[in-house]
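Since the structure comes first, as structure tokens, the remarks are kept for the end.
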Amino acid sequence: MIRLHRVSRSYEGQIRLQADDLLLSTGLTLLVGRNGSGKSTLLRLLATADFPDAGEISYREGSPREQLPLIRSRIGYVPSDVELHEDMTPLRLLKYMCLLKGADPVQADRLLGEFELLDVNRKRIGTLSQGMQQRLAICQALLGSPRYLLLDEPLNYLDSFQRKAVTRILYRHARSCVIVVAAHELSEWNEADQLLWLDEGRPAFYGTPQLWRQTTLRVWQGILPADARTSWKEAYVMVKKPIGNNDLQWRVFGRDCPGPGFEEVGTTIEDAYFIRSRRLE
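Position 229 (the sequence shown) corresponds to 229 in full-length UniProt numbering; numbering is contiguous.
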């Protein structure tokens with residue numbers, strides 16, 4: 001577990017994060033919020049890449065003030081702007097990281113296979129695609145079986161097949177460690193154990209995805225001719241996309257059915273974020 005107690009962090013006099021009391025437990029926590037809401041700041045603090053101005057972050061091993069080397073040895077971290085040694089090969093990089101982390105070198109080969117990088121393991125990292133480099137960055141974070149895995153937009157540059165494969169791997173690791181994932185695309189994370197919403201640097205929601213989806217507005221979906229007149233406020237329309245030649249598919253939020261041809265559908269994590277972040281309730 002990781003506990004934050006009265007933690008605050010400011011930059012240039014502006015508060016980027018303030019969390020009075022927060023407990024992150026084993027499982028995958030999805031971290032959501034607008035750009036500038038404090039997501040990357042929180043991950044940097046949890047990874048001990050930065051330190052709070054006030055308050056304390058404690059881990060199972062204790063406080064960073066007393067156990068910093070031990071805590072860092074239990075952390076895997078992938079920032080959004082991660083940079084790898086471009087002149088190294090994936091295999092050499094992971095073997096080198098194994099030495100630094102005191103991990104079994106066998107893990108390097110296993111992870112390269114798990115992330116489908118064995119066929120490029122002897123190529124220069126600088127020649128690899130961004131998607132391959134992103135998977136390699138996650139590999140190095142998983143070396144040493146970290147107790148805390150902190151990932152900032154880990155699915156960047158991955159295609160749909162790779163995104164599904166990586167999320168499956170992370171869900172499996174979440175059974176035995178604390179994983180915090182910051183993401184903008186939320187549809188891949190429906191199986192998250194917890195969801196943490198940061199709004200202007202403060203936790204505005206922390207709970208299960210099931211509770212997150214419970215909003216006062218319901219979700220309605222229907223198809224209308226493109227020239228049909230509607231009276232809905234634009235703020236309550238999440239999706240309006242062409243279907244066929246002359247129709248539009250609408251996804252609308254409201255307490256009551258918006259009209260004939262519409263039916264209620266299940267509220268997704270993304271729907272709930274749209275509703276909550278725009279204060280539509």
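Ideal Cβ positions, reconstructed from N, Cα and C, are used throughout, including at glycine.
For clarity, every value in this text was computed on a predicted model and none was experimentally measured.
Which residue from the options puts its Cα closest to that of residue i?
i           : options                   : result
A141        : L217, G13, V181 and E188  : V181
L43         : Q221, N156, A183 and Q133 : A183
L149        : L46, S277, L100 and L23   : L46
R168        : D152, R202 and F115       : F115
L143        : Y96, W250, W232 and P242  : Y96
R278        : E263, M238 and P242       : M238
Q210        : L248, F262, G113 and I269 : I269
residue 286 : C257, I138, V178 and C177 : Any property of residue 286 remains undetermined from this structure, which presents the chain solely from 1 to 281.
G38         : E83, D152 and E263        : D152
G102        : R72, R110, D119 and Q221  : R72
T267        : D256, Q249 and W220       : W220
P146        : D81, H173 and P79         : H173
P203        : R163, S129, L30 and G13   : L30
Since residue i is in the beta strand (DSSP E), which residue starts that stretch and which ends it?
i    : result
W220 : R218 to P225
I125 : No beta strand (DSSP E) holds I125; DSSP gives it neither H nor E.
R3   : I2 to Y11
Q249 : D247 to G254
M238 : V237 to I243
A182 : V178 to A182
For the alpha helix (DSSP H) containing residue i, list its first residue and its last residue.
i    : result
S40  : K39 to L46
F161 : S160 to H173
D271 : I269 to S277
E66  : P64 to S73
A228 : Careful: A228 lies outside any alpha helix (DSSP H) and carries neither H nor E.
K95  : P90 to K101
G259 : Unbroken run through G259: none, as it is neither H nor E.
Is it right to say residue i is buried, meaning 16 or more other beta carbons lie within 10 angstroms of its own, or is it exposed?
i    : result
D87  : exposed
V265 : exposed
D227 : exposed
T208 : exposed
R6   : exposed
M1   : exposed
S40  : buried
E263 : exposed
V252 : buried
P258 : buried
G76  : buried
P52  : buried
Quick one: what does DSSP say residue i is sitting in, helix, strand or coil?
i           : result
E200        : coil
L31         : strand
L22         : strand
residue 288 : The first residue shown for the chain is 1 and the last is 281, placing residue 288 beyond what the model contains.
L195        : strand
Y77         : strand
S58         : strand
G207        : strand
Q140        : helix
V265        : strand
L17         : strand
L117        : coil
Three CB pairs or more closer than 8 angstroms across the segment 85 to 93 and the segment 34 to 46: no
At least 3 beta-carbon pairs within less than 8 angstroms: the segment 57 to 66 vs the segment 196 to 214: no
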